[in-house]
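Data block below; observations after.
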DNA sequence: GCTTAAAAAATGAACGTTCATTCTTTTTTA
DNA sequence: TAAAAAAGAATGAACGTTCATTTTTTAAGC
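Protein chains in written order, with the numbering used here: chain A, 1 to 192; chain B, 1 to 192.
Now the structure itself:
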């Protein structure tokens, strides 16, 4: 069993509160005082853990991004065949985006607004490397279309962000059948 | 020739300044004073045209969304065959997102953050109806996959938003060949 | 095990700044 | 010259951050 120090608990509460409040109001509309209140902490305490508001949100972004990719690649292994490897990763990404909605929505907001430092954005990007390698391998084997990885991402992964947003706004509820449709659409758009 | 009143010119300058500043800093980080300065107007003048800051951004959202869909459906006509109709609309949407980057980025930010009233969001959604009708017709004719329109949108239109973002951040430059790849990927993901 | 004192962690109130909005005055228009 | 439009300065509230103080933790000596 891993023990968690008391200060870790507080820091976690701050991270969680930040995600929740930023999701509902956006970065500049969530005051430090509200984050503190939600985490049951004095505003001054935040500054023991984070330099300032920008540093807080940058750190949260990087941590959530790391959690996201750890989840995505958990069952993946470079020795798997390309098609199977893609299926595994895609389905984990889908699971994350549709179940860990809070974290996924936070990432989406960070990626679509000027709320995060360019440096932290770069840092977060690194974690997706294994997927790029998988695609490269697939292209060498003639299984994946020889097109820019940005196009591959746009058509096979990015659509999940839209479905997540619709799900979160209660506009559209994904069931397992939709999920299979979505996976096939993703694979069809990148396979040779 | 349509004449434009002086007050229309000022209002347009305010709209343009809002788009530009919100794109670069986000809604809550753009003060009314900056919007006024960029539009060469006193802060107080903004309140002659808009009720308050929220009303300003709501109105800008609705106007830009209307301009977007007017552009998208300009050459479209319900009598066109489904595949041709889709191609025309898709290419116009792509053209808008990749050329009118300022406006398109603004829409993307509005759609991904809590910056806009739910009511205005609904209002903006209406304009996409013709595309939904086109898909419905395509499904009746057995040309388009019988899946939720949300999935159709996620896989055929939404990816353009990602490509636009990458283009705007100078991460990835789309050329006409990419464009054709992208169109084919879109069509393949929704056609039967 | 208990006491105690130094160090660390946490607090609430306060500060200086910034912002949206309004008010009074000036400029422009007709 | 009266009405409409615009301006700039003023206002009050809200915010991020800091500061002086209190509370909690740690560990040494008995």
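Yeah, the Cβ is synthetic: ideal placement off N, Cα and C, and Gly gets one too.
Checklist entry - Quick one: any contact between the region 109-129 of chain B and the region 51-59 of chain B, if contact means 3 or more CB pairs under 8 Å? => result Enough Cβ pairs lie closer than 8 Å, so yes.
Item to check | Supposed contact pair residue 130 (chain B) and residue 71 (chain B) - C-beta distance, whole angstroms, cut 8 Å | outcome: In this structure residue 71 (chain B) does not touch residue 130 (chain B) by the C-beta definition: roughly 13 Å separates them, more than the 8 Å allowed.
Checklist entry - Once you ignore the five residues that flank residue 75 (chain B) on each side, which residues in its own chain have a CB closer than 7 Å to its CB? => result For residue 75 (chain B), where only same-chain residues beyond five positions count, the Cβ hits under 7 Å are 88, 92.
Next on the checklist: Three Cβ pairs or more, each shorter than 8 Å: is that satisfied between the region 127-146 of chain B and the region 129-144 of chain A?
Outcome noted: Contact fails: fewer than three Cβ-Cβ distances are below 8 Å.
Checklist entry - Taking Cβ positions only, does residue 190 (chain A) come closer than 9 Å to chain B? => result Interface residue, yes.
Checklist entry - Mind checking residue 173 (chain A): buried by the 16 CB within 10 Å criterion, or exposed? => result The residue is exposed, with fewer than 16 neighbouring Cβ atoms inside 10 Å.
Checklist entry - In the DSSP assignment, what residue or residues form a beta bridge with residue 191 (chain B)? => result DSSP output for residue 191 (chain B) lists B:144 as bridge partner(s).
Next on the checklist: Given this structure, state the Cα-to-Cα distance separating residue 68 (chain A) from residue 164 (chain A), to the nearest angstrom.
Outcome noted: In a straight line, the C-alpha of residue 68 (chain A) is about 14 Å away from that of residue 164 (chain A).
Item to check | Residues within the region 103-124 of chain A neighbouring chain B, beta-carbon criterion of under 7 Å | outcome: Listed by position, the residues of the region 103-124 of chain A near chain B (Cβ gap below 7 Å) are 108, 109, 112, 113, 114, 115.
Checklist entry - Hey, how far is the Cα of residue 124 (chain A) from the Cα of residue 79 (chain B)? => result Computed Cα separation, rounded: 47 Å.
Checklist entry - Ends of the alpha helix (DSSP H) at residue 82 (chain A)? => result Element bounds for residue 82 (chain A): 82-99.
Checklist entry - Buried or exposed: where does residue 153 (chain A) fall if 16 or more other Cβ atoms within 10 Å of its Cβ makes it buried? => result With 16 or more Cβ atoms within 10 Å of its Cβ, residue 153 (chain A) is classed as buried.
Checklist entry - Start and end of the alpha helix (DSSP H) containing residue 121 (chain B)? => result Where residue 121 (chain B) is concerned, the enclosing alpha helix (DSSP H) stretches over 118-126.
Checklist entry - Taking just the CA atoms, how far does residue 45 (chain B) sit from residue 107 (chain A)? => result If I take the Cα positions, the gap works out to 37 Å.
Checklist entry - Where does residue 179 (chain B) fall in DSSP's three states? => result Residue state for residue 179 (chain B) is assigned as helix, using DSSP reduced to three classes.
Checklist entry - Nearest chain A C-beta to residue 81 (chain B) closer than 9 Å, yes or no? => result Chain A contact via Cβ: absent.
Item to check | Minimum Cβ-Cβ distance from residue 138 (chain B) to chain A less than 9 Å | outcome: By this cut-off, residue 138 (chain B) is not an interface position.
Checklist entry - Could you give the distance in angstroms between the alpha-carbon of residue 30 (chain A) and the alpha-carbon of residue 83 (chain B)? => result Cα to Cα, the separation comes out at about 46 Å.
Next on the checklist: Below 8 Å, is the gap between the Cβ of residue 97 (chain A) and the nearest heavy atom of the ligand NAP?
Outcome noted: Among the components of this structure there are no ligands whatsoever, and the ligand NAP is therefore not found.
Checklist entry - Nearest CA to the CA of residue 28 (chain B): which residue from B:110, B:122, B:181, B:160? => result The shortest Cα separation from residue 28 (chain B) among B:110, B:122, B:181, B:160 belongs to B:110.
Item to check | Residues that residue 154 (chain A) contacts on chain B, provided the C-beta gap is smaller than 9 Å | outcome: Think of a sphere of 9 Å around the beta carbon of residue 154 (chain A): the chain B residues whose beta carbon falls inside it are 158, 159, 160, 161, 162, 163, 166, 182, 185, in chain order.
Checklist entry - What runs of the alpha helix (DSSP H), each 4 residues or longer, lie entirely inside the region 8-92 of chain B? => result Listed in chain order, they are 32-38, 43-49, 53-72.
Item to check | Cβ-Cβ separation, residue 159 (chain B) to residue 155 (chain A) (assumed contact under 8 Å), whole Å | outcome: Yes, residue 155 (chain A) and residue 159 (chain B) are in contact; Cβ-Cβ is about 5 Å, under 8 Å.
Item to check | Closer than 9 Å to chain A by CB, residue 86 (chain B) | outcome: With a threshold of 9 Å between beta carbons, residue 86 (chain B) makes no contact with chain A.
Checklist entry - Does DSSP put residue 114 (chain A) in a helix, a strand or coil? => result DSSP, read as helix, strand or coil, puts residue 114 (chain A) in coil.
Next on the checklist: Give me the chain A residues within the contact set of residue 62 (chain B), using Cβ-Cβ distance strictly less than 9 Å, ordered along the chain.
Outcome noted: Per Cβ cutoff of 9 Å: no residues; residue 62 (chain B) is ~18 Å from chain A at best.
Checklist entry - So which of B:62, B:23, B:21, B:17 has the shortest CA-CA distance to residue 40 (chain B)? => result Looking at the Cα atoms, B:17 is the closest of the given residues.
Checklist entry - Thinking C-alpha only, which one of A:97, A:190, A:181, A:168 is nearest residue 181 (chain B)? => result Of the listed residues, the one whose Cα sits closest to residue 181 (chain B) is A:190.
Checklist entry - In whole angstroms, what is the alpha-carbon distance linking residue 10 (chain B) and residue 25 (chain A)? => result Inter-residue distance for residue 10 (chain B) and residue 25 (chain A) is about 30 Å (C-alpha atoms, whole angstroms).
Checklist entry - Do we get a CB-CB distance below 9 Å when we pair residue 171 (chain B) with the residues of chain A? => result Yes, residue 171 (chain B) counts as interfacial toward chain A.
Item to check | Counted within 10 angstroms of its Cβ, other Cβ atoms place residue 126 (chain B) as buried (16 or more) or exposed | outcome: Exposed, since its Cβ has fewer than 16 Cβ neighbours within 10 Å.
Checklist entry - Going by alpha carbons, who is nearest to residue 101 (chain B) out of B:33, B:192, B:168, B:184? => result That would be B:168, whose Cα lies nearest to the Cα of residue 101 (chain B).
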